[in-house]
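Participant: Numbering (UniProt numbering), first residue to last: 1 to 325. C-beta atoms are modelled at their ideal positions from N, C-alpha and C, and glycine is treated no differently. This is the structure I have questions about; it appears just below.
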């Protein structure tokens, strides 16, 4: 648990701090991606001069959840606590305010993933960084306070509980059975009733026991533990299935809010590894006490039915993206 008293709510909804022309409302960019003469240039803001014509912009959050300037306060009373030390970057995914994560084209998504990959590599070279988390919130119900499409990159000095549990479980099964549990799941879901979509190297599927209706997972088909080492070809393939599934979700469930979370391996030496993947949680209804208090989830549609509906929309999206009418 992190206590964060800061609020990054947009005061004037008509003036997004993430939009071109409003760069002074954020911290200076550490990276502004600019297309010029058929090439992509990596630039950054100067003290009083902001890069113009950018397609992707990365900067430190003005309202960080974690900070490298946090007070150095530790305590073991009544329980252990430590400073929320870390980096918090915002990746603005498009200069267009009306874009969403589901309308950005696949080429732009490829550029976003390259930028995220580069920032991930750099962050793991920094002192005090044990884990780098990457996530996006789309819509107010999913916790987004700014509708302009963006991703968050946060670092932690410890491994988040969900990732640690997943890594430990994966390590245990791998040692006992000699097989990666995610590889097992991918093999079972391939071509099955819960498959949503697949490309050359990736599969999207609804999990056997989802927490939310229309929840789905995107995973590499082959066993891979490092997102930072995937190739440009794999990035292009991932951007295609990512754009097709998010677009399909928005067509299947109108005005849906959702969280998109990257489950990545810790990349420090001697860390437990996981078969990395992306999880998407559509927020279609509020949780009751049963879900929150007992971890028993009530869904109004089975994962097989959700995959069928979602898959139909996603296949249409994919066909449009690759130019098949």
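Check for me: the alpha helix (DSSP H) holding residue 118 runs from which residue to which?
Facilitator: 106-123
Participant: Determine the DSSP secondary structure at residue 92, reduced to helix, strand or coil.
Facilitator: strand
Participant: What separation, rounded to the nearest whole angstrom, lies between the Cα atoms of residue 295 and residue 172?
Facilitator: Within the model, the alpha-carbon separation for residue 295 versus residue 172 is close to 23 angstroms.
Participant: For residue 174, which residues in the same chain have their Cβ closer than 8 angstroms to its Cβ, ignoring the five residues on either side in sequence?
Facilitator: 180, 181
Participant: Roughly how many angstroms lie between the CA atoms of residue 64 and residue 290, to the nearest whole one?
Facilitator: 32 angstroms
Participant: Starting from the C-beta of residue 101, find all residues in its chain whose C-beta is less than 8 angstroms away, skip the five residues before and the five after it, and write them out in chain order.
Facilitator: 93, 136, 138, 149, 246, 260
Participant: By how many angstroms is the C-alpha of residue 219 removed from the C-alpha of residue 308?
Facilitator: So the alpha carbons of these two residues sit roughly 18 angstroms apart.
Participant: In terms of residues, what are the limits of the alpha helix (DSSP H) holding residue 36?
Facilitator: Segment 29-36 is the beta strand (DSSP E) holding residue 36; no alpha helix (DSSP H) there.
Participant: Could you tell me how far apart the beta carbons of residue 41 and residue 30 are, in whole angstroms, since I believe they sit closer than 8 angstroms?
Facilitator: Their Cβ separation, rounded to whole angstroms, is 14 angstroms, which puts residue 41 and residue 30 out of contact at 8 angstroms.
Participant: Would you kindly work out how many angstroms separate the C-alpha atoms of residue 16 and residue 176, rounded to a whole number?
Facilitator: Whole-angstrom Cα-Cα distance: 52 angstroms.
Participant: I'd like to know if the stretch 101-117 and the stretch 209-224 are in contact, where contact means that at least 3 CB-CB pairs between them fall below 8 angstroms.
Facilitator: no
Participant: Taking all protein chains shown into account, decide if residue 322 is buried (16 or more other Cβ within 10 angstroms of its Cβ) or exposed.
Facilitator: exposed
Participant: Using beta carbons (cut-off 8 angstroms, strictly below), is residue 109 in contact with chain D?
Facilitator: Among the chains in the structure shown there is no chain D, since it carries only a single protein chain.
Participant: Out of 153, 317, 269, point me to the one whose CA is closest to residue 251's CA.
Facilitator: 317
Participant: May I have the straight-line CA-CA distance separating residue 249 from residue 195, to the nearest angstrom?
Facilitator: 14 angstroms
Participant: Of the residues 192, 201, 45, which one's Cα is nearest the Cα of residue 207?
Facilitator: 192
Participant: Take residue 325 and list the residues in its own chain whose beta-carbon comes closer than 8 angstroms to its own, dropping the five residues that flank it on each side.
Facilitator: Interpretation of residue 325 is limited by its pLDDT of 49, a score under 50 that renders its predicted location unreliable; the figure taken from the coordinates is listed afterwards. Contacts found: 319.
Participant: So, with DSSP's three-state summary, where would you put residue 197?
Facilitator: strand
Participant: Could you spell out where the alpha helix (DSSP H) holding residue 310 opens and where it closes?
Facilitator: 303-322
Participant: On the DSSP letters alone, give me the boundaries of the beta strand (DSSP E) that residue 282 sits inside.
Facilitator: 277-283
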